[in-house]
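One structure is given here, and the rest of the page talks about it.
Protein chains: 2
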Amino acid sequence: MSTISDSANRAREASQVLASIESETKDAVLRTLARLIRAQSALILGANTGDMDAARESGLDAPKLARLELTEAGLEQMCRGLEQIAAMEDPVGMVTTERVVESGLKVQKVRSPLGVIAMIYEARPGVTIDAFALCFKAGNACLLKGGREAAHSNAALAELAKRALGENGAPESAIELVTTSDREEIKEMLGLTGVIDLVIPRGGARLIEFVHEHARVPTIQHFHGVCHAFVHASADLEKALAICTTGTTSAPATCNSLECVLVDAAIADEFLPRLGAACGRDGIELRGDSRTVQLAPGAVAAAEDDWGTEFLDKIIACRVIDGLDGAIEHIQQFGSDHTETIVAQDEEVCERFARRVTSSCVLTNASTRFNDGFQLGLGAEIGISTSRIHAYGPMGLAELTIERYIVRGDGQVR
Amino acid sequence: MSTISDSANRAREASQVLASIESETKDAVLRTLARLIRAQSALILGANTGDMDAARESGLDAPKLARLELTEAGLEQMCRGLEQIAAMEDPVGMVTTERVVESGLKVQKVRSPLGVIAMIYEARPGVTIDAFALCFKAGNACLLKGGREAAHSNAALAELAKRALGENGAPESAIELVTTSDREEIKEMLGLTGVIDLVIPRGGARLIEFVHEHARVPTIQHFHGVCHAFVHASADLEKALAICTTGTTSAPATCNSLECVLVDAAIADEFLPRLGAACGRDGIELRGDSRTVQLAPGAVAAAEDDWGTEFLDKIIACRVIDGLDGAIEHIQQFGSDHTETIVAQDEEVCERFARRVTSSCVLTNASTRFNDGFQLGLGAEIGISTSRIHAYGPMGLAELTIERYIVRGDGQVR
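Line order of the protein sequences matches chains U and L.
Going by our numbering, the first sequence opens with residue 890, and the numbers climb by one from there.
Going by our numbering, the second sequence opens with residue 890, and the numbers climb by one from there.
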């Protein structure tokens, strides 16, 4: 038996214990882990420095380096996240609906753990802790396959998680790190039906496609976000400018950052000169269609494949389109079902946009950067699903469970 | 382009229209279809007679013949089902949660159609109408691949559905029948990512395994039910007898019928003679372990593979086990995550059973036959999911949608 199937089987066994573990034990594990991370921050940052040095040497690009880096402040945020998750209500056992039916049966839908969740992700080591904490709080064991670049950081973090589990009498295999990057072994993992209940890939197109091709266990994709802002003729242009510029500058390397601005032809003359100036001021590269290049100072000509590209950098593609239908057509062709926003004072147009654009999160008069579990009030998120199955949009604790039926009777037959 | 991919693409186009179709139009289509089925019942029953004759000739077994057969009463039930679904609330656009978050954003989760749903099923022609009606009401187009045995029945029913769609100005490709049984073409269908959003296979092990092996689009399995009743030492034996016998006699060929009775050793002497007599009276074949054969008149020795087998006939396997732990161990080894029930007057034992057995539906003191969308108050069901993803247990209208986020702001940025 391979290492990966050993790990998966250990996680499976742990999941059977976790299914009926007390909430108090789970929360104690999360709080212990926060304490251990704070106490051992030098060790973790040392491991991360090793990863960063190797990554720089191998020529990793700037956005990826940014995602790989851990800082003292980042660790503190991680610990607060753990404490927040510990303080949240346990989703397991939660009754979501309850009714008494004609036969007198009392029918409940109750949240239960999924079982074993495998995550495959890339550079961010913080995901290791976030994913473990959310999976564990929802009663699941997790099998974590992070990026090779983050190997030392992930190992240091997982080691502390196991220690926190052990100190509280919980099964240490509630977290299992997959250290191989061998494609054949990963394929094997993706085929472990009955051992793994769900695979969540988070990352670039190649990773997602690999998982899509080889997974036999259910998957929920956390794909990239090619996010659009449509500036309608009725837009408040000040708001539009703020939504467009901060949408990329506040965190260019995140999936909810803005990639593309669609400008209603009716206001192109007025809006584009201001957008060009604002981008110049904020250090954003503006890649436009011919109309944009004409009207926006500093804009360069967009290449055909700039539409539908996730830049992960301070770059915005910009195109002039004809009204709502033009915007929707562009989004249907180039969007990624992730996040789109409309800037418009005309509420009816906003509602039509929200109804017809069926991305996982559609906003009106707000930045795409709000498509995030914390910002939307979920308390935490394991990622943002772009699969229209099980969960679509930010996945929090509830989305890591499944509802099953518990039905109480008094001898009813049919 | 193959026929199957043509059909799928037509369904995809229809789904784009259905996403924003009015509730009134959907309901009118369903009511028109009921009217057409009543008016054309002779034609449908004639087509079904053709299927039945051919099936008998080819030696189809009794349970399958029973599932293939349509009757006047069955058609009337189908029509009432359509009218019930028409009368149900439209799930699309339903707001499931709503909150205002710190930033002032108004966050809604709203139900949206999945898109295109492909169903692969076996003999029952009634599924053609049920599946269409539920998918359509939830705003989805459907691609239906029924059993070859039911080809004429399905063609007659789908023809009427298309007519009902056309009469109400809805796209006729909201229902597309897949008439090929060529494995290569079905494989192609299972790979149509981006065209088909969900595949629901309903049927035997070979069908499920085929879909599991070849599907690249998400699937939710509607597998067989190997359903257990555990008769605890504290059971009311009258209730236990009724639950055990009617669990199979009331509809042996359904997935929620009872397969296996687990008898607590503490009451075996008292219960088994009565179970044997009741089975004899009701024409149920009782296949037991040695203790059962000893104590239950008429019981025959069970073979090893009777445990975990879905009989689809008036057969019950019976075993004497040691208390709750023994029952749970047996269910974990041989169960199918479908339906299990406990008969016990001790409420604490009932609760422990309900917590530790994680099948899609766990009942206490009620027949397994109640695991059914109608009986549990869903109004209707497309099947019973045994996949712990998206939906687990009976799937009704809500389970054929996905929730997405609509977020309304007033210029918020971060």
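All residues carry an ideal CB built from backbone N, CA and C; glycine is no exception.
The structure displayed is predicted, hence computed values, not measured ones.
Notebook entry, point to check: Can you tell which of U:Ala1020, U:Lys1026, U:Gly1058, U:Gly1028 has the C-alpha that lies nearest to the C-alpha of Asn1043 (chain U)?
Noted result: Position 154 of the first sequence, counted from the first residue, corresponds to residue 1043 (chain U). When each option's Cα is compared against that of Asn1043 (chain U), the closest is U:Ala1020.
Check: Going by other Cβ atoms of all chains shown within 10 Å of its Cβ, with 16 needed for buried, is Gln1221 (chain L) buried or exposed?
Finding: Counting from 1 along the second sequence, the entry for residue 1221 (chain L) is found at position 332. Looking at its Cβ environment, which holds fewer than 16 other Cβ atoms inside 10 Å, Gln1221 (chain L) is exposed.
Check: Is there a Cβ from chain L that is less than 8 Å from the Cβ of Leu1087 (chain U)?
Finding: Taking the first residue of the first sequence as position 1, residue 1087 (chain U) is located at position 198. Yes, contact with chain L.
Notebook entry, point to check: So, is the C-beta of Tyr868 (chain U) closer than 8 Å to a C-beta in chain L?
Noted result: An answer regarding residue 868 (chain U) cannot be provided, because it is not within the stretch 890 to 1303 covered by chain U.
Next item on the list: Run the CB neighbour count on Glu958 (chain U), radius 10 Å, all protein chains shown included, and call it buried at 16 or more, exposed below.
Entry: Stepping through the first sequence from its first residue, residue 958 (chain U) is reached at position 69. So Glu958 (chain U) counts as buried.
Checklist line | Near-chain U residues of the stretch 1236–1265 of chain L (beta-carbon distance less than 8 Å), N- to C-terminal order | finding: Identification of residues in the stretch 1236–1265 of chain L having a C-beta nearer than 8 Å to some C-beta of chain U yields Cys1239, Ala1243, Arg1244, Arg1245, Thr1247, Ser1248, Ser1249, Cys1250, Val1251, Leu1252, Thr1253, Asn1254, Ala1255, Ser1256, Arg1258, Phe1259, Asn1260, Gln1264, Leu1265, given in sequence order.
Item checked: Proximal residues of chain L, C-beta to C-beta of Val996 (chain U) below 8 Å -> Here residue 996 (chain U) corresponds to residue number 107 of the first sequence, with the count starting at 1. Simply Leu1265, Gly1266.
Note to self: Using the three-state DSSP reduction, which class does Met983 (chain U) fall into: helix, strand or coil?
What the structure shows: Position 94 of the first sequence holds residue 983 (chain U). Here Met983 (chain U) sits in coil by DSSP.
Check: Using the beta-carbon count (16 or more within 10 Å), is Gln966 (chain U) buried or exposed?
Finding: Mapped onto the first sequence, residue 966 (chain U) falls at position 77. That one is exposed.
Notebook entry, point to check: Counting pairs of Cβ atoms below 8 Å between the stretch 1146–1154 of chain L and the stretch 1263–1279 of chain L, do you hit three or more?
Noted result: no
Next item on the list: Give me whichever residues DSSP pairs with Glu1229 (chain L) in a beta bridge.
Entry: The sequence position of residue 1229 (chain L) within the second sequence is 340, counting from 1. Note: Glu1229 (chain L) sits in a beta bridge opposite L:His1117, L:Val1251.
Check: To which residues of the same chain is Asn937 (chain L) closer than 6 Å at the C-beta, ignoring the five residues directly before and after it?
Finding: Numbered from its first residue, the second sequence carries residue 937 (chain L) at position 48. Excluding residues within five positions, the ones whose Cβ falls inside 6 Å are Leu959, Ser1042.
Item checked: Asp1153 (chain U) - partner residues in DSSP beta bridges -> Counting from 1 along the first sequence, the entry for residue 1153 (chain U) is found at position 264. In the DSSP output, where bridge partners are listed per residue, Asp1153 (chain U) has U:Ile1210.
Notebook entry, point to check: Using a beta-carbon distance below 8 Å, is Ala897 (chain U) in contact with chain L?
Noted result: Along the first sequence, read from residue 1 onward, the residue named residue 897 (chain U) stands at position 8. Not one chain L Cβ lies under 8 Å of Ala897 (chain U).
Check: If you draw a straight line from the C-alpha of Ile1085 (chain L) to the C-alpha of Leu1032 (chain L), how long is it?
Finding: Counting from one through the second sequence, the residue named residue 1085 (chain L) turns up at place 196. Counting from one through the second sequence, the residue named residue 1032 (chain L) turns up at place 143. Cα to Cα, the separation comes out at about 9 Å.
Item checked: C-beta neighbour in chain U for Asp979 (chain L), strict 8 Å -> As a working mapping, residue 979 (chain L) is identified with position 90 in the second sequence. With 8 Å as the cut-off, Asp979 (chain L) does not count as an interface residue toward chain U.
Margin query: Comparing C-alpha positions only, which one of U:Leu925, U:Val1106, U:Ser1179 sits nearest to Val1189 (chain U)?
Written below: Taking the first residue of the first sequence as 1, we reach residue 1189 (chain U) at position 300. Nearest in C-alpha terms to Val1189 (chain U), of all of U:Leu925, U:Val1106, U:Ser1179, is U:Ser1179.
Notebook entry, point to check: Hey, would you say Arg1244 (chain U) sits closer than 8 Å to Ser909 (chain L), going by beta carbons?
Noted result: Locating residue 1244 (chain U) in the first sequence gives position 355, where the first residue counts as 1. Locating residue 909 (chain L) in the second sequence gives position 20, where the first residue counts as 1. Between Arg1244 (chain U) and Ser909 (chain L), the C-beta spacing is below 8 Å.
Check: Roughly how many whole angstroms lie between the Cα atoms of Met1078 (chain U) and Glu1065 (chain U)?
Finding: As a first step, residue 1078 (chain U) must be located in the first sequence, where it is residue number 189. As a first step, residue 1065 (chain U) must be located in the first sequence, where it is residue number 176. Rounded to whole angstroms, Met1078 (chain U) to Glu1065 (chain U) spans 13 Å at the Cα level.
Margin query: Using a Cβ-Cβ distance cut-off of 8 Å, determine whether Gln1301 (chain L) contacts chain U.
Written below: Your numbering for residue 1301 (chain L) matches position 412 in the second sequence. With 8 Å as the cut-off, Gln1301 (chain L) counts as an interface residue toward chain U.
Margin query: Please classify Glu1236 (chain L) as buried or exposed, where buried requires at least 16 other C-beta atoms within 10 Å of its C-beta.
Written below: Looking up residue 1236 (chain L) in the second sequence gives position 347. Looking at its Cβ environment, which holds fewer than 16 other Cβ atoms inside 10 Å, Glu1236 (chain L) is exposed.
Check: With a Cβ-Cβ cutoff of 8 Å, do Ile1231 (chain L) and Leu1003 (chain L) count as a contact?
Finding: Taking the first residue of the second sequence as 1, we reach residue 1231 (chain L) at position 342. Taking the first residue of the second sequence as 1, we reach residue 1003 (chain L) at position 114. Against a cut-off of 8 Å, the Cβ pair of Leu1003 (chain L) and Ile1231 (chain L) comes out as no contact.
Next item on the list: Would you identify the three-state DSSP class for His1111 (chain L), choosing helix, strand or coil?
Entry: Translated into positions along the second sequence, residue 1111 (chain L) becomes position 222. Looking at His1111 (chain L) - three-state DSSP - the assignment turns out to be strand.
Next item on the list: Jot down the residue ranges of each uninterrupted alpha helix (DSSP H) in the stretch 901–970 of chain U, minimum 4 residues, whole runs only, in chain order.
Entry: 912–928, 930–946, 951–957
Check: I think Ile1278 (chain U) touches Ile1109 (chain U), with their Cβ atoms under 8 Å apart; what is that distance to the nearest whole Å?
Finding: Locating residue 1278 (chain U) in the first sequence gives position 389, counting from the first residue. Locating residue 1109 (chain U) in the first sequence gives position 220, counting from the first residue. Between Ile1278 (chain U) and Ile1109 (chain U) the beta-carbon gap is near 7 Å, inside 8 Å, which marks them as a contact.
Checklist line | Burial state of Glu1148 (chain L) (16 or more Cβ within 10 Å) | finding: One-based indexing of the second sequence puts residue 1148 (chain L) at position 259. Answer is buried; the Cβ neighbour count reaches 16.
Next item on the list: Go ahead and pull the three-state DSSP assignment for Ser1276 (chain L).
Entry: If you number the second sequence from 1, residue 1276 (chain L) lands on position 387. Ser1276 (chain L) falls in the strand class under three-state DSSP.
Check: Would the beta-carbon of Ala885 (chain U) fall within 8 Å of that of Ala1142 (chain U)?
Finding: Outside the shown range of chain U (890 to 1303) lies residue 885 (chain U), about which nothing can therefore be said.
Next item on the list: Can you give me the Cβ contacts of Leu1049 (chain U) inside the same chain, cut-off strictly under 7 Å, excluding the 5 residues immediately before and after it?
Entry: As a working note, residue 1049 (chain U) is residue 160 in the first sequence. Closer than 7 Å at the Cβ level, and outside the excluded window around Leu1049 (chain U), lie Leu922, Leu925, Ile926, Gln929.
Next item on the list: Can you grab the Cα-Cα spacing for the pair Thr1198 (chain U) / Ile933 (chain U), in whole Å?
Entry: Residue mapping note: residue 1198 (chain U) aligns to position 309 of the first sequence, counting from 1. Residue mapping note: residue 933 (chain U) aligns to position 44 of the first sequence, counting from 1. Each residue's Cα considered, the two are about 34 Å apart.
Margin query: Using a Cβ-Cβ distance cut-off of 8 Å, determine whether Asp916 (chain U) contacts chain L.
Written below: By one-based count along the first sequence, residue 916 (chain U) stands at place 27. Answer no: the Cβ-Cβ gap between Asp916 (chain U) and chain L never drops below 8 Å.
Note to self: Tell me the residue span of the alpha helix (DSSP H) that contains Gly1300 (chain U).
What the structure shows: Here residue 1300 (chain U) is taken as the residue at index 411 of the first sequence, counted from 1. Bounds of any alpha helix (DSSP H) do not take in Gly1300 (chain U); it lies within the beta strand (DSSP E) bounded by 1290–1301.
Check: Near Val1005 (chain U), what residues of its chain come up, given a Cβ to Cβ distance below 6 Å and the 5 sequence neighbours on each side ignored?
Finding: As a working mapping, residue 1005 (chain U) is identified with position 116 in the first sequence. Ala900, Arg901, Ser904, Ala1030, Ile1085, Asp1086.
Checklist line | Reference Lys1026 (chain L); option with closest CA among L:Val1296, L:Leu1126, L:Ile1271 | finding: Within the second sequence, the letter at position 137 stands for residue 1026 (chain L). The candidate whose alpha carbon is nearest that of Lys1026 (chain L) is L:Ile1271.
Notebook entry, point to check: Are the C-beta of His1227 (chain L) and some C-beta of chain U separated by less than 8 Å?
Noted result: Mapped onto the second sequence, residue 1227 (chain L) falls at position 338. Contact of His1227 (chain L) with chain U is not assigned, every C-beta pair being separated by 8 Å or more.
Checklist line | Distance between Gly1282 (chain L) and Thr1134 (chain U) (C-alpha atoms, nearest Å) | finding: If you number the first sequence from 1, residue 1134 (chain U) lands on position 245. If you number the second sequence from 1, residue 1282 (chain L) lands on position 393. Taking the straight line joining both Cα atoms gives about 46 Å.
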